[in-house]
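**Q** Residue numbers (the numbering used here): 60 to 582.
Where is the CB? At the ideal position from N, CA and C, for every residue including glycine.
Pasting a structure below so you can have a look.
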């Protein structure tokens, strides 16, 4: 049984630097000019209400535009968001409605932002335009809010979106990775879809002890590798609550210890970026049933998101049923400078995977079980509070605190049961109790009483009083030989606890400690 309680506080300070300023001369389109194909094409948008600066960055990023503006123009200003289909020009107008700002194209096929110009009079003064150029980027990294881009990560970063995950119709995280990611393979030696290992760049992430674990897995910035064995329980990650997955190859200190082959970062949905209602009901062979539901909502400042996934099956092998129940919830707040998220994850699973079978038995019955049951019960309660504070346009502070309570109870059926009776302990020791050798000890060496007797192999009768252990190194007294125990102790009393060299005693002590709990005759 494994129980893990962990409370962790993580803080990160991130400076985000923009590209050098590029000048742009204001060029106003003529009223009868219709614009290019990009301007005329309608796109569908779902940008939540909130900060105008963030909304404009999201809008121009989705359209792949170069966009310049003075940060002071949008400070303290909000927008009602953008939902529905709009042309490029209509989208700008809707986002900027009531802000007193307009968007003007420049001569580099980009756009910049400025205040609505009043009618010019004799006392009007036009100041120089300050331009800040942004570029579209996809944020990656182990912690939300770090603002890293793929260009800043050395290596081929692979990414999956919520849409990719939904289209895959994968049963488990390992099934998803096997379908969608390059260089990732799976091992299904346990016979359960939720207990497979993944292998990436020569290292493993999976639930089984003894495999070469060398991949780190993060869930909203929380490292979910268990302290015991660094294993990863894939059944504790709700797939329908995931907004993105990023895979980073190679060893990288940003992901902490034991990230030898790479890292997998999983980020969850929130009510600002996901406002749909989704219900999926799946059924299949071996009495497999799965229900997945999720829903998000926001009012521009506060958002809520919830997801549940419930799976039940009998398994494709005999006596291999499994149940997986996962519930995830998140409450979010978004202000001009502060973002806060409070989330909880509750998981309870019962997994049975009955391991490998001999080839002969598999050929006779592919659904048969060689030894069983191999049963694993996982219980998880995880609570997380995270936040980000935007100090200014180039500097932010992110922090998180969480509690993760993971309990694992496992029964393995792959044991040897045909031990010789004298090698088997009659009972387990009670709490605070240790195995004890009951042989008398009157010496100071920490060993049972012993005798040191010189034996001449050619002296008749002497050798018959002793026998050798299997390794040929230890003399043993045996009642089946010529002397009784009492006669032996009387005859060789002078040899009792004879002083021996330290190296000999140390070797004897080690051998004694190693064997005393298994076979009495070894003492």
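Kindly examine the ligand GTP and report whether one of its heavy atoms sits closer than 7 Å to the Cβ of residue 296.
**A** The ligand content of the structure shown is nil, which means the ligand GTP is not present either.
**Q** Are the CB atoms of residue 52 and residue 367 nearer to each other than 8 Å?
**A** The question about residue 52 has no answer here: the residues shown for the chain are numbered 60 through 582.
**Q** What are the boundary residues of the alpha helix (DSSP H) that residue 139 is part of?
**A** Start at 1 with the first residue of the chain shown, and residue 139 comes out as number 80. Counting along the chain, residue 139 falls outside any alpha helix (DSSP H), and DSSP gives it neither H nor E.
**Q** For a cutoff of 8 Å on Cβ pairs, would you count residue 339 as touching chain B?
**A** Absent here is chain B; the protein component of the structure consists of one chain.
**Q** Look up residue 551 in the DSSP assignment and give the residues it is bridged to.
**A** Here the question's residue 551 lines up with position 492 in the chain shown. Residue 551 is not bridged to any residue.
**Q** What's the call for residue 563, buried or exposed, on a 16-neighbour Cβ count within 10 Å?
**A** As a position in the chain shown, residue 563 is number 504, starting the count at 1. Exposed.
**Q** Terminal residues of the continuous alpha helix (DSSP H) containing residue 489?
**A** Here residue 489 is taken as the residue at index 430 of the chain shown, counted from 1. Segment: none, residue 489 is in no alpha helix (DSSP H) and carries neither H nor E.
**Q** Grab the span of the beta strand (DSSP E) containing residue 233 for me, first residue to last.
**A** Residue 233 sits at position 174 when you count from the first residue of the chain shown. Per DSSP, residue 233 belongs to no beta strand (DSSP E); it is in the alpha helix (DSSP H), 232-239.
**Q** Can you tell me which of 127, 144, 128 puts its alpha carbon nearest to the alpha carbon of residue 105?
**A** Position 46 of the chain shown, counted from the first residue, corresponds to residue 105. When each option's Cα is compared against that of residue 105, the closest is 144.
**Q** Are residue 441 and residue 403 touching if we call contact CB-CB under 8 Å?
**A** For the purposes of this step, residue 441 is taken as the residue at position 382 of the chain shown. For the purposes of this step, residue 403 is taken as the residue at position 344 of the chain shown. Contact flag set, yes.
**Q** In chain order, what residues of the same chain have a beta carbon less than 7 Å from the beta carbon of residue 289, not counting five sequence neighbours either side?
**A** To locate residue 289, count along the chain shown from 1; it is residue 230. If we look at residue 289 and ignore the five residues flanking it on each side, its Cβ neighbours are 272, 317.
**Q** Between the C-alpha atoms of residue 584 and residue 428, what's the straight-line distance to the nearest angstrom?
**A** With the chain covering only 60 through 582, there is no way to say anything about residue 584.
**Q** What's the C-alpha gap between residue 39 and residue 504?
**A** The requested residue 39 is not part of the displayed model; the chain covers only 60 to 582.
**Q** Could you check which residue in 224, 237, 559 has the C-alpha nearest to that of residue 328?
**A** To locate residue 328, count along the chain shown from 1; it is residue 269. The shortest C-alpha separation from residue 328 is found at 224.
**Q** Measure how close the beta-carbons of residue 234 and residue 246 come, nearest whole angstrom, since I'm counting them as under 8 Å.
**A** Sequence index remark: in the chain shown, residue 234 carries index 175 (1-based). Sequence index remark: in the chain shown, residue 246 carries index 187 (1-based). Between residue 246 and residue 234 the Cβ distance is about 13 Å, and since that is not below 8 Å, they are no contact.
**Q** Quick check: the Cα distance between residue 357 and residue 365, rounded to an integer number of angstroms?
**A** Mapped onto the chain shown, residue 357 falls at position 298. Mapped onto the chain shown, residue 365 falls at position 306. Going from the Cα of residue 357 to the Cα of residue 365 covers about 12 Å.
**Q** What residue range is occupied by the uninterrupted beta strand (DSSP E) comprising residue 106?
**A** Position 47 of the chain shown, counted from the first residue, corresponds to residue 106. 102-106 is the extent of the beta strand (DSSP E) around residue 106.
**Q** Give the secondary structure of residue 563 by DSSP, where H, G and I count as helix, E and B as strand, and everything else as coil.
**A** Taking the chain shown and counting its residues from 1, the one referred to as residue 563 is at position 504. In this structure, residue 563 counts as helix in the three-state DSSP scheme.
**Q** Is residue 421 helix, strand or coil by DSSP?
**A** As a first step, residue 421 is located in the chain shown; it is residue number 362 there, counting from the start. If DSSP states are grouped into helix, strand and coil, residue 421 belongs with the helices.
**Q** According to DSSP, is residue 329 part of a helix, a strand, or is it coil?
**A** As a working note, residue 329 is residue 270 in the chain shown. Coil, per DSSP.
**Q** Using a 10 Å radius around the Cβ and a threshold of 16 neighbouring Cβ atoms, would you call residue 335 buried or exposed?
**A** Indexing the chain shown from 1 puts residue 335 at position 276. By the neighbour-count rule (16 or more Cβ atoms within 10 Å), residue 335 is not buried but exposed.
**Q** Measuring CA to CA, which of 376, 567, 382 is closest to residue 408?
**A** To locate residue 408, count along the chain shown from 1; it is residue 349. Comparing Cα-Cα distances from residue 408 to each of 376, 567, 382, the minimum goes to 382.
**Q** Can residue 373 and residue 389 be called in contact, C-beta distance under 8 Å?
**A** Along the chain shown, read from residue 1 onward, the residue named residue 373 stands at position 314. Along the chain shown, read from residue 1 onward, the residue named residue 389 stands at position 330. Not in contact: residue 373 and residue 389 (Cβ atoms no closer than 8 Å).
**Q** Can you find the residues in the same chain that come closer than 7 Å, C-beta to C-beta, to residue 377, ignoring five residues on each side of it along the sequence?
**A** Taking the first residue of the chain shown as position 1, residue 377 is located at position 318. Cβ within range, chain order: 426, 427, 428.
**Q** From the DSSP output, in three-state form, read off residue 152 for me.
**A** For the purposes of this step, residue 152 is taken as residue 93 along the chain shown, with counting starting at 1. It is helical.
**Q** Work out the CA separation of residue 417 and residue 345 for me, nearest whole Å.
**A** Start at 1 with the first residue of the chain shown, and residue 345 comes out as number 286. Start at 1 with the first residue of the chain shown, and residue 417 comes out as number 358. C-alpha separation (whole angstroms): 23 Å.
**Q** Rounded to the nearest angstrom, what separates residue 432 and residue 415 at their Cα positions?
**A** By one-based count along the chain shown, residue 432 stands at place 373. By one-based count along the chain shown, residue 415 stands at place 356. Cα to Cα, residue 432 sits roughly 12 Å from residue 415.
**Q** In this structure, how does DSSP classify residue 571 when only helix, strand and coil are distinguished?
**A** Within the chain shown, residue 571 is the residue found at index 512, counting from 1. In the structure shown, residue 571 sits in a helix (DSSP, three-state: H, G or I).
**Q** Just confirm the distance between the C-beta atoms of residue 214 and residue 308, as a whole number of angstroms; I'd bet it's less than 8 Å.
**A** Position 155 of the chain shown, counting from 1, holds the residue named residue 214. Position 249 of the chain shown, counting from 1, holds the residue named residue 308. That pair is a contact at about 4 Å.
**Q** Buried or exposed: residue 339, going by 16 or more other Cβ atoms within 10 Å of its Cβ?
**A** As a working mapping, residue 339 is identified with position 280 in the chain shown. Per the 10 Å Cβ criterion, exposed.
**Q** For residue 343 and residue 291, what's the separation of their Cα atoms in angstroms?
**A** Indexing the chain shown from 1 puts residue 343 at position 284. Indexing the chain shown from 1 puts residue 291 at position 232. Roughly 27 Å between the two C-alpha positions.
**Q** Which residues in the same chain have their Cβ closer than 8 Å to the Cβ of residue 142, if we skip the five residues on either side of it in sequence?
**A** By 1-based counting over the chain shown, the position of residue 142 is 83. Same-chain partners within the cutoff: 104, 105, 106.
**Q** Tell me the residue span of the alpha helix (DSSP H) that contains residue 121.
**A** As a working mapping, residue 121 is identified with position 62 in the chain shown. Start and end: 111-122.
**Q** Quick check: what's the CA-CA separation for residue 130 versus residue 396?
**A** The count along the chain shown starts at 1 and reaches residue 130 at position 71. The count along the chain shown starts at 1 and reaches residue 396 at position 337. Going by the C-alpha atoms only, they are around 13 Å apart.
**Q** State the Cα-Cα distance for the pair residue 448 and residue 110, rounded to the nearest angstrom.
**A** What you label residue 448 is simply residue 389 of the chain shown in a count that begins at 1. What you label residue 110 is simply residue 51 of the chain shown in a count that begins at 1. C-alpha separation (whole angstroms): 14 Å.
**Q** Less than 8 Å separating the beta-carbons of residue 120 and residue 254?
**A** Counting from 1 along the chain shown, the entry for residue 120 is found at position 61. Counting from 1 along the chain shown, the entry for residue 254 is found at position 195. Not closer than 8 Å, so no.
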